[in-house]
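Enquirer: The opening position of the sequence shown corresponds to residue -1 in this note's numbering, with each subsequent residue numbered one higher.
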Amino acid sequence: MDVENVLEIAIKSFANRGFDGTQMKAIADEAGYAKSLMNYHFGSKENLWKQAVSHLGAKLMNRFTEVQGYFKDLEGLAAMKAYTRQFIYFSAEYPEFYKLVFHEMCTRTERASWLVETILAPAHYLYHGKKSENEEGKQLFQGYPVANLSSIIIGVANVFFINAFQMEQMYGTNPFDQKEIELHADIVIDLLFAKFQG
C-alpha cells in the first residue's frame, strides 16, 4: 500500500468534506484499495484522520524548522516577515491545511483538542517564539495581543487561496499562479507590518 498517496487523498477529502462527510470507502476507492485493507492499515476513520493531519502538520513544522535555519540571523520584525512569507508559500502549496483546521475549530471535539496540542501549538511556538508572550514580544507588537495578531496572519495567509474560485470568477485572478503568490506575500507583509516599523 502506498500510504503517502492514501494520506494525500485523505487530506483532500477531510479538508473538503470535513470528518463527518468523509467516507473511508471513498478514499479506498480513489486510492485503488479494498476498504478491508484500509481498515487493516489504519484501523478507523479517526486514526486515518490523525495520520493524515500529522502528515500535513509535519510538512508545516519542517518548513518552519527550515526557516529557523535559513533566517537564524534575523530578529524582530525582519524574522516575522520571513516566517510570514514562508507561511504564505506553504498555504498556497497546501490550502487543505487551513480547511482542515477550520472544520475542526468550529467544534469542540477531542479531535479539535488533539489538533491544537499536537500541531497548532507547536507550530505557533516555532513561528512566534516564546518571546511573543514576554515583554520583548509586547514591545515588538506594541502591546497587541498575540491571539489577535495570529488570527489576522492566519486569515490573510489563507483566504486568498481557499477562495480561489471567487478570486477567479470576480477578479480574473488565479491565486496559484506564482506571480500572484509572490504579489500576495508582498501585499500581506506590507499591510501587516507597516504599523510596527520604526
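For each residue, glycine too, the CB sits at the ideal point set by N, CA and C.
Taking C-beta to C-beta, are Phe17 and Glu102 nearer than 9 Å?
Expert: For the purposes of this step, residue 17 is taken as residue 19 along the sequence shown, with counting starting at 1. For the purposes of this step, residue 102 is taken as residue 104 along the sequence shown, with counting starting at 1. In contact: Phe17 and Glu102 (Cβ atoms closer than 9 Å).
Enquirer: Whose C-alpha, out of Ile152, Thr105, Lys43, is nearest the C-alpha of Leu90?
Expert: Along the sequence shown, read from residue 1 onward, the residue named residue 90 stands at position 92. According to the sequence shown, residue 90 is Ala rather than Leu. When each option's Cα is compared against that of Ala90, the closest is Ile152.
Enquirer: Under 8 Å: do the segment 3 to 22 and the segment 65 to 83 share three or more Cβ pairs, one atom per stretch?
Expert: Contact fails: fewer than three Cβ-Cβ distances are below 8 Å.
Enquirer: On the criterion of 16 or more Cβ atoms from any shown chain inside 10 Å, does Gly55 qualify as buried, or is it exposed?
Expert: To locate residue 55, count along the sequence shown from 1; it is residue 57. It is buried - the Cβ of Gly55 has at least 16 other Cβ atoms within 10 Å.
Enquirer: With a CB to CB cut of under 8 Å and the five nearest residues on each side skipped, what residues in its chain are close to Ile179?
Expert: In the sequence shown, residue 179 corresponds to position 181, counting from 1. Correct list, in chain order: Ile86, Tyr87, Ala90, Pro173.
Enquirer: What span of residues does the alpha helix (DSSP H) with Asp27 cover, start to end?
Expert: Residue mapping note: residue 27 aligns to position 29 of the sequence shown, counting from 1. Unbroken alpha helix (DSSP H) run through Asp27: 22 to 29.
Enquirer: Taking all protein chains shown into account, do 16 or more other C-beta atoms lie within 10 angstroms of the C-beta of Ser11, making it buried, or fewer, making it exposed?
Expert: In the sequence shown, counting from the first residue as 1, residue 11 sits at position 13. Per the 10 Å Cβ criterion, buried.
Enquirer: What number of angstroms, rounded off, separates the C-alpha of Ala26 from the C-alpha of Gly170?
Expert: Translated into positions along the sequence shown, residue 26 becomes position 28. Translated into positions along the sequence shown, residue 170 becomes position 172. Straight-line Cα distance between these residues: approximately 36 Å.
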